[in-house]
Structure formats: C-alpha cells, structure tokens
Amino acid sequence: FPPFPGKERNLLRAVLARIQHATQLCPSGTYEIDEETNEQKLAEEAPGMATDDLKSLEKWSHLFPIILQAGRCSHTEPTHIPEEEREDFMAKLAEEDPSADRFRVLAEDTPVAEYKASWLPKVCGDSQVFNRAGGEGT
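Sequence positions in the sequence shown follow this note's numbering and run 9 to 146.
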C-alpha cells in the first residue's frame, strides 16, 4: 500500500470505514435498484426465508458495492485525457481494477488464503420456527 498522507487516527478511521462497508450484508432479494432513480430500495416482495435457508451463503448478499483501489465505488472518466484515448483508458482501468455487482452473493467472494470460502455461516440462539401473530396455529 502507498504511504498514508494523514495522521494515524485518520488511517484507522479509513480502514474501519472500509471494513464496515464490506461487511454490511442483507438476505438476497431484500433490496433492488430503482430503475428510474438508480437508487437502492426495498424490494416490493421481500423473500421470506426460514432459518435453515439462511445457513447458505447463496441466500446472503452484500448491501453496498465494492470499494475500488481508487477509494470510490465506480470509475470516473478522466477529463485530463483527450476524448480519443478515454475509451481505451477506461477499458484498461476496468481490467486492472474491476467492479462487481451491487448485491453480489457472498458465495461469489474470493476465498481467504487457507479457507474454502471467505464467509462461514453460523446459527446462534433459538432456531425454532414461530408462527406469525394471528396466523395459523396461534
């Protein structure tokens, strides 16, 4: 990594922000991108899942897009390069520092060195199935 130009407390804050950004998760299908505003919104029909379903990495996704090496979530077109060279520059940039889908599934993450996966699902607490209030069996 290049030297950090600020104080150590600013570096620590930046590292913690990156970790927090990368580890915010949601059940797959809970959010979607609004086609008109290109913003994140709750899905109209959020998936209902049982505890056993949530044990799979396929059922979880990242809430935010990845942070690129430049510190942003998307590449910006440079203004200092002539227009003829911009397309080639952007293609090279996308190849060197690729972005990923916003709600990418956890199972698609690159595995950590000695492990098979980068995430390990674990169930803690009561996993009993409960009925909704006013529903069948209450």
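The beta-carbon is built from N, C-alpha and C at its ideal position, and this holds for glycine as well. Computed from a prediction, not measured in an experiment: that's the story for all the values here.
Is H70 helix, strand or coil when you go by DSSP? Within the sequence shown, numbered from 1, the residue matching residue 70 stands at position 62. Three-state DSSP puts H70 in a strand.
Should H88 go down as buried or exposed, given a rule of 16 or more other Cβ atoms within 10 Å for buried? Here residue 88 corresponds to residue number 80 of the sequence shown, with the count starting at 1. That one is exposed.
F111 classed as buried or exposed, judged by whether at least 16 other C-beta atoms fall within 10 angstroms: Mapped onto the sequence shown, residue 111 falls at position 103. The residue in question, F111, is buried, as its Cβ has 16 or more Cβ neighbours within 10 Å.
Determine the contact status of K67 and P90, defining contact as a CB-CB distance below 8 Å. On the sequence shown, residue 67 is found 59 positions in, with the first residue counted as 1. On the sequence shown, residue 90 is found 82 positions in, with the first residue counted as 1. Not in contact: K67 and P90 (Cβ atoms no closer than 8 Å).
Alpha carbon of C81 to alpha carbon of E44, nearest angstrom: Here residue 81 refers to the residue found at position 73 of the sequence shown. Here residue 44 refers to the residue found at position 36 of the sequence shown. Cα-Cα distance, rounded: 20 Å.
In the DSSP output, which residue or residues are listed as bridge partners for P35? Counting from one through the sequence shown, the residue named residue 35 turns up at place 27. P35 is bridged to W68.
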